[in-house]
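Working notes, structure below.
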């Protein structure tokens, strides 16, 4: 017999959009994660991330049942969107996500990959589309939400409308720039005022010592050679043109969740 008090938070984590802060808050509020996970993303017995975006309706429902049996209360998915209709129609599931301004997210993602040594790009202008992940492509949110993913074809009205429809199925959509207060109302979480995880200060002695301890010498070198700076006006104009679907999605969502008419 189903537990009437059971609820499973399903968090759609967009890369470099405040997701780690949400996961940290979940830990502080006593949520139960999958036995093996990476930042809330479940890992299988082969130590591989579970690809919920490829799950059938039946398999996804069975997984939710398994979570209830094991007392798991939070699942995070970062790389693909599962079948949203299945999740939204299950009374046990609370759908949560967090959006950040598309340009700020993209710039943060570039420097994150640059300092991690996982991109050959050294300029923002060269980063777009330089990796296999959707997070380095224009219109990232719309690609994930419409399940267009890494399709090289440009998005159209069809994919944008699919993305909006998917986003409307979420019980709670945070806007990172507005903070995390909505989680208190939606989930009953308790926390003091906090900000999103700040980017590391690459010339901070403490951070450099941490990188040396982890033998991340390349990160130190790249951080000194390519310090963070604001994108050029030329890049901003290009971004606004090529990323217009995500900018529109963000603007509409910001308007909705800011209580504007």
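In our numbering, the protein residues as written are 2 to 262. Note that beta-carbon positions come from the ideal geometry of N, C-alpha and C, so glycine has one too. No experiment lies behind these values; they were computed from the predicted model shown.
With 16 other CB atoms within 10 Å as the buried threshold, where does residue 247 fall? buried
For the putative contact between residue 145 and residue 258, defined by C-beta atoms under 8 Å, what is the C-beta separation to the nearest angstrom? With 8 Å as the limit, residue 145 and residue 258 do not qualify as a contact, their Cβ atoms being about 19 Å apart.
Selection from 37, 17, 111 and 25 that minimises the alpha carbon distance to residue 192: 25
Cα separation between residue 197 and residue 251? With a pLDDT of only 49 at residue 197, under 50, the local geometry of the prediction cannot be trusted, and the value read off the model is given with reservation. If I take the Cα positions, the gap works out to 18 Å.
Close Cβ partners of residue 261 (< 6 Å) along its chain, the five nearest in sequence each way excluded: Low per-residue confidence applies at residue 261: pLDDT is 40, beneath 50, and the placement is therefore not dependable, though the value from the model is reported in the following sentence. Excluding sequence neighbours, residue 261 sits near nothing in its chain.
Give the DSSP-derived three-state secondary structure of residue 83 in the structure shown. coil
Can you tell me which residues form a DSSP beta bridge with residue 43? The partner list for residue 43 (beta bridge, DSSP) reads 38.
Touch test, the segment 63-70 against the segment 103-116, Cβ-Cβ under 8 Å, three pairs minimum: no
With DSSP collapsed to three states, give me the class of residue 57. In the structure shown, residue 57 sits in coil (DSSP, three-state: anything other than H, G, I, E or B).
Might you give, ordered along the chain, the residues of its own chain that have their beta carbon closer than 6 Å to the beta carbon of residue 256, omitting 5 neighbours on each side? none
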